[in-house]
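Every letter in the sequence shown is one number past the one before it in the working numbering, and letter 55, counting from 1, is 61. Yeah, the Cβ is synthetic: ideal placement off N, Cα and C, and Gly gets one too.
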Amino acid sequence: MVQSQGVEKMKVNKPVQVGDEVPDFLAYTQKGELQFHDYITGSWCMFFSHPADFTPVCTTEFGMVAKLRNEFRARNCEILGVSIDSVESHEAWIKDINETQDTEVTFPIAADEDGTIAQAFGMCSEEDTRGGKPRINVRTLYIIDPNRRVQLHMTYPTNVGRNFYEIIRCLDALQLTSYHQVGTPANWKVGEDVFVLPEVADEDAEEQFPKGFTTIKPYLRLTPVPDIADDRPILN
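Structure representation (structure tokens):
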């Protein structure tokens, strides 16, 4: 258990990686208190950090996420942002985001004032501080599945904004490959053909993929994209 404004701190030796279960924590946000595991269990989640409020790259990023909120909702994906700034700072900054980015931020932003969440996820080091507190020194983003496990982990430098259209494309691919034994080719987009995984035998593929498949090489078998059904158990 991690408390974002508590005394007890949970530390990890390395950043949370793909396949790991995410740490739980109690967050204080502009929307009220939020228990992370309760918030995300049963849904997908995009959890992303930013170095500080009232900064140009962060302002455009959070504005873009707000504009794409319905796209995430359509994919059963919750959103949570985090920085070491206070709830009061978030509230003031959100007014600027709404004004300058022509949008409305409706998702919660956690106030990790003592850096506990950042340390638990490995977003910063104890040596890198701001005002004596751990500082989030990179732009870290996680896509977390309904079982609370990390399916994707991206880290960007401070001054480079993230492409959230790419995040949504990755979310589409992750949801597809989590429920079907397929892989997506380079630059794949929704609706395009996918690969049958090599470990699936041809006779099993015929049953699993009723739309058929084309064999280019024994390890390269293309099939029309299956329907995503997120009520199926996650395969990995």
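Cβ distance (whole Å) where residue i is taken to contact residue j below 8 Å
{"i": "Ala-116", "j": "Gly-87", "result": "7 Å"}
{"i": "Ser-92", "j": "Glu-110", "result": "Not really, about 21 Å apart at Cβ, beyond 8 Å."}
Member of the options whose CA lies at the smallest distance from the CA of residue i
{"i": "Lys-101", "options": "Pro-224, Asp-59, Glu-27 and Ile-85", "result": "Asp-59"}
{"i": "Cys-83", "options": "Leu-228, Gly-48 and Cys-130", "result": "Gly-48"}
{"i": "Val-200", "options": "Thr-221, Glu-213, Glu-209 and Asp-210", "result": "Thr-221"}
{"i": "Ile-90", "options": "Gln-107, Ala-124, Pro-62 and Cys-51", "result": "Ala-124"}
Between the CA atoms of residue j and residue i - distance to the nearest angstrom
{"i": "Pro-179", "j": "Phe-219", "result": "The sequence given here has Ala at residue 179, not Pro. Spanning the two alpha carbons is a distance of roughly 19 Å."}
{"i": "Tyr-45", "j": "Thr-164", "result": "27 Å"}
{"i": "Ala-98", "j": "Lys-20", "result": "33 Å"}
{"i": "Val-22", "j": "Val-156", "result": "8 Å"}
{"i": "Gln-181", "j": "Arg-154", "result": "14 Å"}
{"i": "Asp-210", "j": "His-96", "result": "52 Å"}
{"i": "Thr-183", "j": "Arg-81", "result": "14 Å"}
{"i": "Met-129", "j": "Tyr-162", "result": "11 Å"}
{"i": "Thr-229", "j": "Tyr-185", "result": "15 Å"}
{"i": "Met-173", "j": "Tyr-148", "result": "Residue identity differs from the one stated: residue 173 is Ile in this sequence, not Met. Cα to Cα, the separation comes out at about 10 Å."}
{"i": "Ala-126", "j": "Val-28", "result": "9 Å"}
{"i": "His-43", "j": "Tyr-171", "result": "26 Å"}
{"i": "Asp-26", "j": "Asp-233", "result": "27 Å"}
{"i": "Gly-189", "j": "Gly-69", "result": "32 Å"}
Counted within 10 angstroms of its Cβ, other Cβ atoms place residue i as buried (16 or more) or exposed
{"i": "Ala-192", "result": "exposed"}
{"i": "Val-24", "result": "exposed"}
{"i": "Val-206", "result": "buried"}
{"i": "Ala-72", "result": "buried"}
{"i": "Val-196", "result": "exposed"}
{"i": "Tyr-225", "result": "exposed"}
7 Å CB neighbourhood of residue i in its chain, flanking five on each side removed
{"i": "Glu-67", "result": "His-56, Gly-167 and Arg-168"}
{"i": "Lys-37", "result": "Pro-114"}
Own chain residues within Cβ distance below 8 Å of residue i, not counting five before or after
{"i": "Arg-75", "result": "Ile-85, Thr-112 and Phe-113"}
6 Å CB neighbourhood of residue i in its chain, flanking five on each side removed
{"i": "Gln-187", "result": "Leu-203 and Val-206"}
{"i": "Met-160", "result": "Leu-147"}
is_contact[residue i, chain D] using C-beta, thresh 8 Å
{"i": "Arg-227", "result": "This model lacks chain D altogether, as it is built from one protein chain only."}
Residue i: CB within 7 Å of a non-hydrogen atom of the ligand NAP
{"i": "Pro-21", "result": "For the ligand NAP, the structure offers nothing, since it holds no ligand at all."}
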